[in-house]
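Numbering (the numbering used here), first residue to last: 397 to 592. Ideal Cβ positions, reconstructed from N, Cα and C, are used throughout, including at glycine. Just so you know, these numbers come straight off a predicted model, no measurement behind them.
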């Protein structure tokens, strides 16, 4: 009987280990921008995922009516951007991408206003704010296993992850969102290590 218990718990531990590997590494490695999607920037330019310069990227999904987590993450990314500019890495080797998950409400003008809140005045500053059709948005979010839904009141429920991508646009790490979830110091160190 004792051998049966040991065998069962060994098998259980193996299955848990495989599950952790799948969700932490294998699945993450498969995340990438869909090559057949082109979105629109906050200033109306096309941004094609099949024609991206090799840069290290930090990706966040937001909606502009979000009362807490989204603007908090974007604000911390603004502070991160300022540090990376002092290092001479931002824009040349590092790019930030913010994609709205609420394209119906987040029009081009709304996205511009949101970008302006974080000191971005154009598409040429190394931080790109994007919107697409609902289908395109879902396709990109699905590619990163980012889940979201509108319960009917406009306050979207969504995954609280940001994504760190290498120069080949492969996800190499994920970070939380919001005041407590987004560890700015850790993100900064990871970006510097990858970009240099």
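In whole angstroms, give me the CA-to-CA distance for residue 462 and residue 551.
Stepping through the chain shown from its first residue, residue 462 is reached at position 66. Stepping through the chain shown from its first residue, residue 551 is reached at position 155. Going from the Cα of residue 462 to the Cα of residue 551 covers about 7 Å.
Taking Cβ positions only, does residue 513 come closer than 9 Å to chain D?
Of the chains in the structure shown, none is chain D; there is only one protein chain.
Taking 6 Å as the limit between beta carbons, can you name the residues of its chain near residue 542, skipping five residues before and five after?
For the purposes of this step, residue 542 is taken as the residue at position 146 of the chain shown. Only 457 and 555 meet the Cβ criterion.
Count the other CB atoms within 10 Å of the CB of residue 499; is the residue buried (16 or more) or exposed (fewer)?
Here residue 499 refers to the residue found at position 103 when the chain shown is read from its first residue. With 16 or more other Cβ atoms inside 10 Å of its own Cβ, residue 499 counts as buried.
For residue 509, does the count of other Cβ atoms within 10 angstroms reach 16, so buried, or fall short, so exposed?
Taking the first residue of the chain shown as position 1, residue 509 is located at position 113. Its Cβ having fewer than 16 others within 10 Å, residue 509 is exposed.
Check for me: the beta strand (DSSP E) holding residue 444 runs from which residue to which?
The residue labelled residue 444 in the question sits at position 48 within the chain shown. Start and end: 442 to 444.
Can you tell me where the alpha helix (DSSP H) with residue 572 in it begins and where it stops?
In the chain shown, residue 572 corresponds to position 176, counting from 1. In the DSSP annotation of this structure, residue 572 is not part of any alpha helix (DSSP H); the continuous beta strand (DSSP E) holding it starts and ends at 567 to 572.
Output the boundary residues of the alpha helix (DSSP H) element that contains residue 465.
For the purposes of this step, residue 465 is identified with residue 69 of the chain shown, where counting begins at 1. If you look at residue 465, you'll find it in the alpha helix (DSSP H) that goes 465 to 482.
Extent of the continuous alpha helix (DSSP H) run through residue 506:
Reading the chain shown from its first residue, position 110 is the one you call residue 506. Its alpha helix (DSSP H) spans residues 504 to 513.
Alpha carbon to alpha carbon, how far is residue 591 from residue 503?
Here residue 591 corresponds to residue number 195 of the chain shown, with the count starting at 1. Here residue 503 corresponds to residue number 107 of the chain shown, with the count starting at 1. About 32 Å.
Using a Cβ distance threshold of 8 Å, determine whether the segment 579 to 586 contacts the segment 431 to 444, with at least three qualifying pairs required.
Too few Cβ pairs lie closer than 8 Å, so no.
Can you look up residue 434 in the DSSP assignment and give me helix, strand or coil?
Against the chain shown, residue 434 aligns to sequence position 38. Three-state result, residue 434: strand.
Alpha-carbon to alpha-carbon, residue 446 and residue 531
As a working mapping, residue 531 is identified with position 135 in the chain shown. As a working mapping, residue 446 is identified with position 50 in the chain shown. Answer to the nearest angstrom: the Cα atoms are 17 Å apart.
DSSP-derived helix/strand/coil call for residue 544
Taking the first residue of the chain shown as position 1, residue 544 is located at position 148. In the structure shown, residue 544 sits in a strand (DSSP, three-state: E or B).
Under DSSP, the alpha helix (DSSP H) around residue 533 begins and ends at which residues?
Residue 533 sits at position 137 when you count from the first residue of the chain shown. If you look at residue 533, you'll find it in the alpha helix (DSSP H) that goes 530 to 539.
Evaluate residue 573 with the Cβ neighbour count: other Cβ atoms within 10 Å of its Cβ, from every protein chain shown; 16 or more gives buried, anything less gives exposed.
In the chain shown, residue 573 corresponds to position 177, counting from 1. Residue environment for residue 573: buried (at least 16 other C-beta atoms within 10 angstroms of its C-beta).
Residue 570 versus residue 559: straight-line alpha-carbon distance, rounded:
As a first step, residue 570 is located in the chain shown; it is residue number 174 there, counting from the start. As a first step, residue 559 is located in the chain shown; it is residue number 163 there, counting from the start. Spanning the two alpha carbons is a distance of roughly 5 Å.
Are the Cβ atoms of residue 496 and residue 525 separated by less than 9 Å?
Residue 496 sits at position 100 when you count from the first residue of the chain shown. Residue 525 sits at position 129 when you count from the first residue of the chain shown. Taking 9 Å as the Cβ cut-off, residue 496 and residue 525 qualify as a contacting pair.
Enumerate in chain order the residues of its own chain whose CB-to-CB distance from residue 450 is below 8 Å, with the five nearest sequence positions on each side excluded.
Working through the chain shown from its first residue, we reach residue 450 at position 54. Non-local beta-carbon contacts of residue 450 in its own chain, meaning distances under 8 Å to residues more than five positions away in sequence, involve 563 and 564 in chain order.
Does at least one heavy atom of the ligand NAP sit under 8 Å from the Cβ of residue 568?
As presented, the structure is devoid of all ligands, the ligand NAP included, so that no description of it is given.
Helix, strand or coil: how does DSSP classify residue 580 here?
Within the chain shown, numbered from 1, the residue matching residue 580 stands at position 184. When secondary structure is reduced to three states using DSSP, residue 580 falls in the helix class.
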